[in-house]
Amino acid sequence: MNSYLFLPRDGKLKDHSDYLLRADVIAIDTETTGLDPHTKNLRLVQLAVHGKPVLVIDFYLLDEINVKILSEVLLTKSVKIFQNAKFDLQFLRASGFAVNGPIFDTMLAAHLLRTSRGPKRLGLGALVDFFLGVKLLKEEQRSDFSGELREAQLEYAANDAKVLLELRSVMTPALKSNNMINIAKIEFECVKAVAEIEFSGILLDMTQWEVLTKKTKEEYKTAEQKLLDYAGKSIVQPDFFGNQTIVGLNLNSNKQILALLNDNGVSVEDTSKRSLSPYKEEPIVKNLREFRKASKMLSGFLEPMPSAINPKTRRIHAHYGQIGAYSGRMSCGNPNIQQIPRDNAFRSCFIPALGYSMVIADYSQIELRVAAQIAHDERMIEAYRTGGDLHILTASLVTGTRIENITKSQRQAAKAINFGLIFAMGARGLQAYSQDVYNVDMTIEEAEDFRERYFEAYKGISRWHDSIKKNPPRVSRSLTGRRYFHREDAGLAGLYNTPVQGSAADIVKNALGMLVNTLKGTKAMIIGVVHDEILLEVPSGNSFKAAAILKRTMEEAGKKYMPDVPLVAEAKIASSWAEK
DNA sequence: TCAGTTCGCGCG
DNA sequence: AAAGCGCGCGAACTGA
1 MNSYLFLPRD GKLKDHSDYL LRADVIAIDT ETTGLDPHTK NLRLVQLAVH
51 GKPVLVIDFY LLDEINVKIL SEVLLTKSVK IFQNAKFDLQ FLRASGFAVN
101 GPIFDTMLAA HLLRTSRGPK RLGLGALVDF FLGVKLLKEE QRSDFSGELR
151 EAQLEYAAND AKVLLELRSV MTPALKSNNM INIAKIEFEC VKAVAEIEFS
201 GILLDMTQWE VLTKKTKEEY KTAEQKLLDY AGKSIVQPDF FGNQTIVGLN
251 LNSNKQILAL LNDNGVSVED TSKRSLSPYK EEPIVKNLRE FRKASKMLSG
301 FLEPMPSAIN PKTRRIHAHY GQIGAYSGRM SCGNPNIQQI PRDNAFRSCF
351 IPALGYSMVI ADYSQIELRV AAQIAHDERM IEAYRTGGDL HILTASLVTG
401 TRIENITKSQ RQAAKAINFG LIFAMGARGL QAYSQDVYNV DMTIEEAEDF
451 RERYFEAYKG ISRWHDSIKK NPPRVSRSLT GRRYFHREDA GLAGLYNTPV
501 QGSAADIVKN ALGMLVNTLK GTKAMIIGVV HDEILLEVPS GNSFKAAAIL
551 KRTMEEAGKK YMPDVPLVAE AKIASSWAEK
């Protein structure tokens with residue numbers, strides 16, 4: 001097999017620089033000694049250009065001159081194809097390489113092109129099988145790239161890069177014919193930002209965190225004792241011999257908690273927050289909530305978070321799934337930074353490095369604005385255009401009160417109404433949701449009444465719902481063209497929600513891609529994204545500039561897709577994530 | 001015993 | 001007819 005050259009064994013990179021620098025398209029793959037770019041190493045870099053042997057470069061043996069050439073090749077304006085670029089970009093960056101030119105990410109493309117038929121998995125092997133009809137041979141132990149390299153490893157590494165060229169040749173026309181060039185561009189431009197977020201990580205103030213952990217442990221113990229007191233000696237179970245024996249109570253067992261509640265006069269079917277809502281004044285229910293709160297905080301956040309700190313950078317590098325949700329939203333895990341409690345006690349532990357500031361910006365009501373755009377609701381559009389407060393407007397419309405007389409609690413209730421009813425929430429759902437999320441009491445009659453008045457007031461939303469009800473779409477698209485295949489049994493709520501949530505995600509991703517360019521010169525790092533919120537860490541001297549750029553870029557990012565409704569983002573300079 | 005599923009709940 | 005949606009994670013539970 002002469003289709004690849006192993007450098008420097010088979011020559012110098014320098015001897016290939018001419019065509020590499022002139023190429024329109026380069027496929028790039030890397031092999032590394034592990035998954036973490038901060039503690040593991042780049043071992044191989046494979047470069048594939050149409051009509052040339054694949055260059056497999058042993059990065060360990062690359063001399064200074066050839067490192068410089070590789071660097072130049074990566075900086076050209078040519079299209080760079082990667083499979084999961086987020087990964088390679090981070091390892092390249094850790095070794096001092098930046099990548100210029102448009103990125104084509106075969107994994108993201110496959111995500112977008114995915115139909116109900118597949119491909120189900122998005123590994124390179126699955127993609128080659130699905131799009132090219134070729135089986136990629138998998139070699140045992142090919143993943144160990146730390147020691148002596150075997151010829152077979154090099155062959156596979158070379159082939160991985162080579163197939164990327166072929167994949168793009170098939171996927172580009174597929175993206176075109178399916179009208180997804182637009183969204184593909186957004187995703188491809190966004191991937192650099194996602195790589196940057198993962199690579200940068202976020203700093204956790206361990207001193208504060210430990211104090212909070214200790215405090216919560218005490219709260220846990222108190223709540224635990226109080227709850228155990230209800231059980232007393234009453235928790236008994238027949239043993240093998242039919243004798244009643246006292247068994248220990250596991251407060252994390254919903255089964256046991258259910259029995260305990262029932263024994264104490266709380267007749268519920270399950271122990272969820274929603275079912276318990278009518279009993280929220282019962283002391284035992286109050287105690288259970290306190291216990292669960294403390295338990296969740298400890299086992300979900302306080303205890304696992306310190307182990308996520310990277311030994312090398314001392315920061316937390318979460319993993320982001322760029323197309324993690326079916327809607328197109330990103331997901332986050334290991335650990336999930338997107339679900340850190342909003343409580344200032346938690347958020348204030350996330351801080352910028354010394355000499356840096358945080359810049360935090362979020363969109364104002366982006367999903368409601370997107371819904372107004374998609375539904376073409378005149379009243380909502382008008383409200384947003386004139387800078388009105390949609391929650392106050394809704395409160396006024398459903399209660400018949402003049403806008404200037406709307407109280408804070410009426411606005412709070414309207415918030416639940418706006419967010420709930422736009423996505424097909426029923427009266428009962430609205431009642432429970434208002435209670436849970438907004439602490440608003442509402443009778444079922446009131447909820448029914450609000451529901452009716454709401455759809456009377458927002459005729460565009462009502463029309464939009466009606467048309468979907470009448471003719472439930474099997475396929476729909478976000479404002480940028482992201483495509484959704486709906487299952488036959490898809491509920492109305494999903495049909496309403498998915499394109500709205502997805503369009504908002506598209507706009508955030510567009511903003512992230514733009515930021516990679518607009519923030520240049522500010523030395524800002526993008527360190528987090530939480531659906532409608534973007535976090536930066538910036539040298540303090542540049543924070544005003546970065547905040548202005550961030551706000552402007554986020555607002556600009558939606559203009560093309562939201563012709564009728566303005567987007568508003570608010571940016572703040574902060575010394576921790578708690579200041580919003 | 002252990003992988004897979006379900007519940008409950010944190011976030012948007 | 002009626003229906004919020006989208007995630008990830010820890011702990012308990014289930015089933016072979």
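In my numbering, the protein residues as written are 1 to 580.
Using N, Cα and C, we set each Cβ at its ideal position, and we do this for glycine too.
_Using only CA atoms, which one of 58, 512 and 337 lies nearest to residue 10?_
Working through the first sequence from its first residue, we reach residue 10 at position 10. Minimum Cα distance to residue 10 is reached at 58.
*Where do the ends of the beta strand (DSSP E) carrying residue 98 lie?*
Walking along the first sequence from the start, residue 98 turns up at place 98. First-last for residue 98: undefined, no H or E at that position.
*Report yes if the C-beta distance between residue 101 and residue 138 is below 8 Å; otherwise report no.*
For the purposes of this step, residue 101 is taken as residue 101 along the first sequence, with counting starting at 1. For the purposes of this step, residue 138 is taken as residue 138 along the first sequence, with counting starting at 1. Cβ distance not < 8 Å, so residue 101 and residue 138 don't count as in contact.
*Measure the C-alpha to C-alpha separation of residue 79 and residue 323 and round it to an integer number of angstroms.*
Here residue 79 refers to the residue found at position 79 of the first sequence. Here residue 323 refers to the residue found at position 323 of the first sequence. For residue 79 and residue 323, the distance between alpha carbons rounds to 22 Å.
*Please classify residue 4: does DSSP put it in a helix, a strand, or coil?*
Counting from one through the first sequence, the residue named residue 4 turns up at place 4. If DSSP states are grouped into helix, strand and coil, residue 4 belongs with the strands.
*Minimum length 3: unbroken beta strand (DSSP E) runs contained in the segment 171–258*: 236–238 and 244–246
*Alpha carbon to alpha carbon, how far is residue 264 from residue 438?*
In the first sequence, residue 264 corresponds to position 264, counting from 1. In the first sequence, residue 438 corresponds to position 438, counting from 1. Spanning the two alpha carbons is a distance of roughly 28 Å.
*Can you name the start and end residues of the beta strand (DSSP E) that residue 360 belongs to?*
Residue 360 sits at position 360 when you count from the first residue of the first sequence. 356–363 is the span of the beta strand (DSSP E), which, as asked, contains residue 360.
*Rounded to whole angstroms, what's the CA-CA distance from residue 526 to residue 37? Just pull it up for me.*
As a first step, residue 526 is located in the first sequence; it is residue number 526 there, counting from the start. As a first step, residue 37 is located in the first sequence; it is residue number 37 there, counting from the start. A direct Cα-to-Cα measurement between residue 526 and residue 37 gives close to 17 Å.
*Below 8 Å CB to CB, which residues in the same chain sit around residue 378 once its five sequence neighbours on both sides are set aside?*
Here residue 378 refers to the residue found at position 378 when the first sequence is read from its first residue. These residues qualify, in order along the chain: 459 and 460.
*With a Cβ-Cβ cutoff of 8 Å, do residue 27 and residue 161 count as a contact?*
Along the first sequence, read from residue 1 onward, the residue named residue 27 stands at position 27. Along the first sequence, read from residue 1 onward, the residue named residue 161 stands at position 161. Yes, the pair counts as a contact, with Cβ atoms nearer than the cut-off.
*Take the Cβ of residue 569 as the centre, count every other Cβ of all protein chains shown within 10 Å, and call the residue buried at 16 or more, exposed below.*
Along the first sequence, read from residue 1 onward, the residue named residue 569 stands at position 569. Buried: at least 16 other Cβ atoms inside 10 Å.
*Using CA coordinates, which residue listed in 156, 113 and 173 is at the minimum distance from residue 613?*
Given that the chain is displayed from residue 1 to residue 580, the structure contains no residue 613 and the question cannot be resolved.
*Do you know offhand how far residue 582's Cα is from residue 73's?*
Outside the displayed range of the chain (1 to 580) lies residue 582, so it cannot be described from this structure.
*Sort 533, 133 and 430 by Cα distance to residue 329 and report the nearest one.*
As a first step, residue 329 must be located in the first sequence, where it is residue number 329. When only C-alpha atoms are compared, the closest one is 533.
*In chain order, which continuous runs of the beta strand (DSSP E) of length 3 or greater are located wholly inside the segment 445–520?*
475–477 and 483–485
*Whole beta strand (DSSP E) runs in the segment 267–319 with 3 or more residues, listed along the chain?*
none
_Alpha-carbon spacing of residue 497 relative to residue 466, whole angstroms_ = Residue numbering aside, residue 497 sits at position 497 when the first sequence is read from its first letter. Residue numbering aside, residue 466 sits at position 466 when the first sequence is read from its first letter. Residue 497 and residue 466: Cα-Cα distance of roughly 14 Å.
*Could you check what DSSP says for residue 572 in three-state terms: helix, strand or coil?*
Residue 572 sits at position 572 when you count from the first residue of the first sequence. Secondary structure of residue 572 (DSSP, three-state): strand.
*In the DSSP assignment, what are the bridge partners of residue 589?*
Shown here, the chain extends from 1 to 580; a query on residue 589 therefore has no answer.
*Start and end residues, alpha helix (DSSP H) containing residue 18*: Translated into the one-based positions of the first sequence, residue 18 becomes position 18. Segment 17–22, the alpha helix (DSSP H) holding residue 18.
*Taking the alpha-carbon positions, what's the residue 53 to residue 5 distance?*
Within the first sequence, residue 53 is the residue found at index 53, counting from 1. Within the first sequence, residue 5 is the residue found at index 5, counting from 1. Approximately 7 Å, taken between the alpha carbons.
*Can you tell me which of 538, 444, 553 and 562 puts its alpha carbon nearest to the alpha carbon of residue 500?*
Translated into positions along the first sequence, residue 500 becomes position 500. The option with the nearest alpha carbon to residue 500 is 562.
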